[in-house]
Amino acid sequence: MSLVHEFVLLLLFSKFMPLLLAAGDQGRCPPSFHCGYLGNITFPFTITGRHDCGFLSVRNCSDHDPHTPKSIQLQANGSWVPVVAIYPLFSSRTTRFATFQFRDKHFYDLLQNRSCEAFTNTYTLPLISHFAVFRLLHNATLFLCNKTLNVTNINMSKYTNCLGYDLYYNHFTTDDYASPSSFTACKKVLLPIKDVPDAKDPFTFVTGDVTVIVALTDQCSDCHYRKRGQCQLDSREQFCCANVNSSPVFVRIYCIKSMAEIDWKTLSCSNWEFGMAIVDLFCFLLFYHLVLILCAGYGYGHQGCPHSFTCGHLGSFHYPFTKAEQPDCGLIPIHDCDNSQSIQKKIQLEKNGKHFVLTGITQQDGISISDEDLHKRLQNNICDTLNNSYSLSSHSSLYSCYIKYNVTLFRCKHGLSMKPPAHYFNHSCPEYDYDIYYDSLSFLNNDEAHKLFSSCSVLTLAKKDKPDTTDILSFVSAQMVVQVLLSKDCDDCYNHRGGQCRLDRDQQFYCHEEPKNKSKTLKLVLGLVTGLCVILLAMVLIGCLIFRRKCTPSDPQHQSRNADTDSIGPSSNSDPENCRFYYGVPLFSYKELKEATYNFHHARQLGSGGFGTVYYGKLRDGREVAIKRLYEHNYRRVEQFMNEVHILTRLRHTNLVSLYGCTSHRSRELLLVYEHVPNGTVACHLHGDFARPRTLPWHIRMKIAIETASALCYLHASDIVHRDVKTKNILLTQSFSVKVADFGLSRLFPNDVTHVSTAPLGTPGYLDPEYHQCYQLTNKSDVFSFGVVLIELISSMAAVDMSRHRDEINLSNLAIKKIQQSAFSELVDPSLGFDSDSEVKRMMISVAELAFQCLQRDKDLRPSMDEVLKVLMRIESGRDEEHLLPPSLPSPDWEDNGLLKKMIVQPSPKAVTDTWHSESTASNASA
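Counted the way mature numbering (1 follows the signal peptide of the UniProt record, and there is no 0) counts, the sequence shown spans residues -22 to -1, 1 to 905.
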């Protein structure tokens, strides 16, 4: 082959496979940088020392420890701040976006200290750049009004605990309900949020972990992605696109070198041959670009409509959804997709129907929406809201909508003598003359439930949690995941016949099909044939490059420049799944876990909780696992997912459940894979499906108490507070060994603080009253919850039981009362041998007295978990009488639920009336 033809082939190859020429070259700027727990970061982010590859530098990426904190420099020569997460780049029709989350330490500390100073000014991003525009992704508007003002707006939430002024804010981030006249004299501030502002306390949703959208300017986007240059400033601080490469630099330079190497005197090549080579080159380029044009024409699918479209930060949507500006391209319109000024997008589930706020997209044609009106009505008067049915049923014959995660409520006339099972909760609305019933455990199937409540009305509402409390607002939600299903005719029309679903004047279905276009078919065939030819030619050229080393340039600098220009682009984002480990645990693909659970079949469901559903699965390697699937509509699911992975990868203890792996934190389906613990939970054995006489004898219960205490001691020594200690989160092996699980609420804190201020989260009946009242979380919060677990072990009673007397609904209240009266026989489970075995009686009384210490309202009067573990081991060994640690002051009894009511001091048994002197060296450092 002549040098002329070598030159021609190389140039042809460079036009359609330039990346192959740069293969194996590191390039000046690689497609991405790996940065520990942040994963792979791409432009506009870069690592320190590589400012030519981006303008937002991240520090400590090269640290070999993947858990080393990373920092980001928000502007050139600016300060460094902790970076929490970096998300993949996405594009709208006109703009490229990147998103990241950083921690504003000063603002974060103000919120942690519950300082109202955090609300006094609009949050201003400390970001200035000539290459991008920055804005808050999640924010809310608050109005600061002097307490002397007469603000009468009743549609907004109000916070009154700030000195000198009150705060007003809406559930959503718009000002639709704010009357301008009401807030004329008030100060308006915009603040970053982590959750929907639907709470009475702004400290629970305003956040110092700020999520920022980075929208590249048109100049920088064009420079980087089209011209393959670098966004820089010239000497006059004006934008310039440096190192522009309109075509691959390596090819241009190499071609010149090849032409220079041709020895025209000795080369046996006629002018005709060289001329034909040039003609061949021209024809190929013309043909190649014609193919690109033809293929580009197929970017639009059904009758000129796009296959999919991008809607702001929400991602990509496809049929049956469409932009409101293109009503003929779908059935369900979404508004303001192209309006970059409006982050909030609205959707109509039927023509001329109600507008909902679109908050996200889920798998399998599902969307997450929020009903502003329903939320407002639930907050104002739940009984009035439940007096009317709520439905999303579509009136269209083309598709149907249903709420994916829902709860069924039965509205019954007050006069009916209903006798539902004990696991049914009741909410009374006497002013509307009806009661609401709902199943807290989902024991009954739909047919049985409807038969039981045949004389009642049925309500179906979206749920955000398991309906296991008497507070309906704790699980009913105006935020819902909606599935959209095409009718059989419409599905066949659109997906199989290539038509559009339509209704005629009589509202009868017909499939509008575009007339067959022979020219389009011909173009398609031509494009396919050409594509095959190009592929064959590419294979031949690759072979030439492999076996003819002289086709590769010898100048490494030129190689580097070519690799640089060809490797940077929109398609260079690395798939996070390519990194097979995250925080040191293996990454599983969604497909593998879907197979392991038989497509998450309901028969494989092990249980469900506040954040997700747990399924039994079997991996391809034969391991039996438990797979937690986080709820798609949970605002904090990514935070809870990353929190649990971060914590469990730090821990190794025989009584803590092991984490086998997870999906990527950037996946839409967030799945956690744990070891399978086959013997159920302690709650199931005490008062659930597995509850049988003598299945948990006393020595097994003591073992459970000691092993659980050992696990909690280990957590506290690791600066971790579990925050949701309960018998449902204590799993049992076949040998009745303990595995403490569910770390979604756990908190990891620095060890130089005594507490942290955070919104109370946990399970009713186990929640620390001081934490609930003062919002100060310490490891003593776990001690209180463990005290409730101890009482459950000696009594076999549930932590919350609505069938008990009002003052004894909470087991902690009941236990305090009985122990103060020394009425142990009225508290303990008689089947354990309290009356027949003196040794069992001694241990049960000692455990009850220890639990009494743990249930003290004042956290300083509670023992540490280290001290609890020591006492339990002494009780088991029979040395508790000799070495009993001095317990605490008298415990108060509480009215109603025992959390926030007026305290009434009553005498305690002698064994529990001294002040507790801590033997542990552990401080109250928050975990």
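Here a beta-carbon is modelled for each residue, glycine too, at the ideal position from N, C-alpha and C.
Owing to the predicted nature of the structure, the values given are computational and were not obtained by experimental measurement.
Residues near residue i in its chain [Cβ-Cβ closer than 8 Å; skip 5 each side]
| i | result |
| --- | --- |
| residue 789 | 743, 766, 769, 770, 773, 775, 776, 777, 778, 779 |
| residue 333 | 313, 324, 325, 326 |
| residue 822 | 676, 772, 802, 806, 810, 812 |
| residue 329 | 374 |
Same chain, Cβ closer than 6 Å to residue i, neighbours up to 5 away in sequence not counted
| i | result |
| --- | --- |
| residue 191 | 75, 77, 113, 115 |
| residue 811 | 818 |
| residue 464 | 377 |
| residue 165 | 122 |
| residue 146 | 121, 134, 136 |
| residue 404 | 413, 415 |
As assigned by DSSP and simplified to three states, the class of residue i
| i | result |
| --- | --- |
| residue 734 | For residue 734, the pLDDT reaches just 45, beneath the cut-off of 50, and the residue's location in the model is therefore unreliable, although a value from the coordinates is still provided. Residue 734 falls in the strand class under three-state DSSP. |
| residue 78 | strand |
| residue 683 | helix |
| residue 473 | helix |
| residue 855 | helix |
| residue 349 | coil |
| residue 846 | helix |
| residue 117 | strand |
| residue 153 | For residue 153, the predicted model reports a pLDDT of 42, less than 50, meaning its position is unreliable; a value from the coordinates is still stated below. Coil. |
| residue 83 | helix |
| residue 717 | strand |
| residue 653 | strand |
| residue 136 | strand |
| residue 49 | strand |
| residue 604 | strand |
| residue 3 | Here the model assigns residue 3 a pLDDT of 37, short of 50, so the residue's position is not dependable, and the following value carries that caveat. In this structure, residue 3 counts as coil in the three-state DSSP scheme. |
| residue 323 | strand |
| residue 369 | coil |
| residue 204 | helix |
| residue 704 | coil |
| residue 193 | strand |
| residue 510 | helix |
| residue 18 | strand |
| residue 908 | Since the first and last residues shown for the chain are -22 and 905, residue 908 lies out of range. |
| residue 182 | helix |
| residue 337 | strand |
Residue i and residue j closer than 8 Å at C-beta
| i | j | result |
| --- | --- | --- |
| residue 785 | residue 762 | no |
| residue 21 | residue 202 | yes |
| residue 917 | residue 379 | With the chain represented from -22 up to 905, any question about residue 917 goes unanswered, as that position is not in the structure. |
| residue 503 | residue 346 | no |
| residue 85 | residue 59 | no |
| residue 649 | residue 571 | yes |
| residue 96 | residue 103 | no |
| residue 110 | residue 198 | yes |
| residue 398 | residue 418 | no |
| residue 609 | residue 589 | yes |
| residue 629 | residue 696 | yes |
| residue 168 | residue 101 | yes |
| residue 450 | residue 360 | yes |
| residue 209 | residue 33 | yes |
| residue 356 | residue 456 | yes |
| residue 635 | residue 660 | no |
Within-8 Å CB hit, residue i to chain C
| i | result |
| --- | --- |
| residue 25 | Protein chain content of the structure displayed is limited to a single chain, and chain C is not contained in it. |
Same chain only: Cβ atoms within 7 Å of residue i, ignoring 5 sequence neighbours per side
| i | result |
| --- | --- |
| residue 336 | 292, 312, 323, 324, 325, 345, 347 |
beta-carbon residue i near the ligand ATP non-hydrogen atom, thresh 7 Å
| i | result |
| --- | --- |
| residue 378 | Ligands displayed in this structure: none; no statement on the ligand ATP is therefore possible. |
Exercise for review: Ignoring anything shorter than 3 residues or poking outside the region 761 to 805, list the beta strand (DSSP E) runs there in chain order.
Suggested key: none
Exercise for review: Entirely within the region 377 to 464 and at least 4 residues each: give me those alpha helix (DSSP H) ranges in chain order.
Suggested key: If you keep only unbroken alpha helix (DSSP H) runs of at least 4 residues inside the region 377 to 464, you get 424 to 430.
**Study point:** Stretch-stretch touch, CB-based, cutoff 8 Å, three pairs: the region 309 to 328 with the region 288 to 300
**Key:** yes
Check your understanding: At a cut of 8 Å, does the region 374 to 390 reach the region 432 to 440 through at least three beta carbon pairs?
Key -> yes
Check your understanding: Quick one: any contact between the region 698 to 709 and the region 660 to 674, if contact means 3 or more CB pairs under 8 Å?
Key -> yes
**Study point:** the region 802 to 810 contacting the region 829 to 848, beta-carbon criterion three pairs below 8 Å
**Key:** no
Review point. Does the region 685 to 692 come within contact of the region 595 to 611, defined as at least 3 CB pairs closer than 8 Å?
Key: no
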